[in-house]
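**Q** Below are the structure tokens for one structure; questions will follow.
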Amino acid sequence: MPSLKLAVLAVTALVACGVAPASALTMKECGETYRTAKESGTLNGMDWAAFRKEKCATSAAESVSADKVETAPQPKKETSAALAPTVAPAGVTFPTTLAAEFETEKPAKARMKTCLQGYHGNKEAGTLNGLRWIQKGGGYYSLCNARLKAES
Numbered sequence: 002m003p004s005l006k007l008a009v010l011a012v013t014a015l016v017a018c019g020v021a022p023a024s025a026l027t028m029k030e031c032g033e034t035y036r037t038a039k040e041s042g043t044l045n046g047m048d049w050a051a052f053r054k055e056k057c058a059t060s061a062a063e064s065v066s067a068d069k070v071e072t073a074p075q076p077k078k079e080t081s082a083a084l085a086p087t088v089a090p091a092g093v094t095f096p097t098t099l100a101a102e103f104e105t106e107k108p109a110k111a112r113m114k115t116c117l118q119g120y121h122g123n124k125e126a127g128t129l130n131g132l133r134w135i136q137k138g139g140g141y142y143s144l145c146n147a148r149l150k151a152e153s
């Protein structure tokens, strides 16, 4: 049993030594070294990332994760007008004021509950015309909430 513990300890020590070079500084030590170099004017125009790579001897995995990787902006997908309305379809009605029963609630919650009542009323009447409670580009809640906020 003692030999098993010794073997585990040896493997742990080898793994720990392999993670970072012996000369690597901790981020705190590296930061202090950077501040000292900055105050003494010996950076020679080097920024933090370059200083850290050159002077702190971080491992390859740390430097890759810490560096910002620039990527090309992804083009936005086109959405159909039916899925992303910016205005309400014809026939949809919205409440104009907060419901009296929700006046004791916080303003955001009162608007949400008032809009939910209006949504259920439109749903029962069949006047939603494809508008959902929440959907990309603005659903019933988004449109109703914006109108109620404007009224306040």
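In the working numbering, the protein residues as written are 2 to 153. Cβ coordinates follow ideal geometry from the N, Cα and C atoms, glycine included. It should be emphasised that the depicted structure is a prediction, and the values quoted were computed from it without experimental measurement.
Nearest-angstrom Cα distance between serine 89 and lysine 150?
**A** First, the amino acid is wrong: residue 89 is alanine here, not serine. Answer to the nearest angstrom: the Cα atoms are 16 Å apart.
**Q** If you draw a straight line from the C-alpha of asparagine 130 to the C-alpha of glycine 92, how long is it?
**A** Between asparagine 130 and glycine 92, the C-alpha separation is close to 8 Å.
**Q** Is it the case that the stretch 115-130 contacts the stretch 141-148, given that we only count it when at least three CB pairs across the two stretches are under 8 Å?
**A** Cβ pair count under 8 Å is three or more, so yes.
**Q** Taking just the CA atoms, how far does lysine 114 sit from lysine 107?
**A** Whole-angstrom Cα-Cα distance: 11 Å.
**Q** Per DSSP, what kind of secondary structure is arginine 133 in: helix, strand or coil?
**A** Reduced to three states, the DSSP call for arginine 133 is coil.
**Q** Using a Cβ-Cβ cutoff of less than 6 Å, which residues in the same chain neighbour aspartate 48 once the five nearest sequence positions on both sides are dropped?
**A** So no residue of the chain qualifies.
**Q** Enumerate in chain order the residues of its own chain whose CB-to-CB distance from glutamate 55 is below 8 Å, with the five nearest sequence positions on each side excluded.
**A** The residues are Met47.
**Q** Can you tell me which of the three DSSP states phenylalanine 95 falls into?
**A** Here phenylalanine 95 sits in coil by DSSP.
**Q** Is it right to say glycine 138 is buried, meaning 16 or more other beta carbons lie within 10 angstroms of its own, or is it exposed?
**A** Exposed, since its Cβ has fewer than 16 Cβ neighbours within 10 Å.
**Q** Between arginine 112 and glutamate 125, what straight-line distance do the alpha-carbon atoms span, to the nearest angstrom?
**A** Arginine 112 and glutamate 125: Cα-Cα distance of roughly 20 Å.
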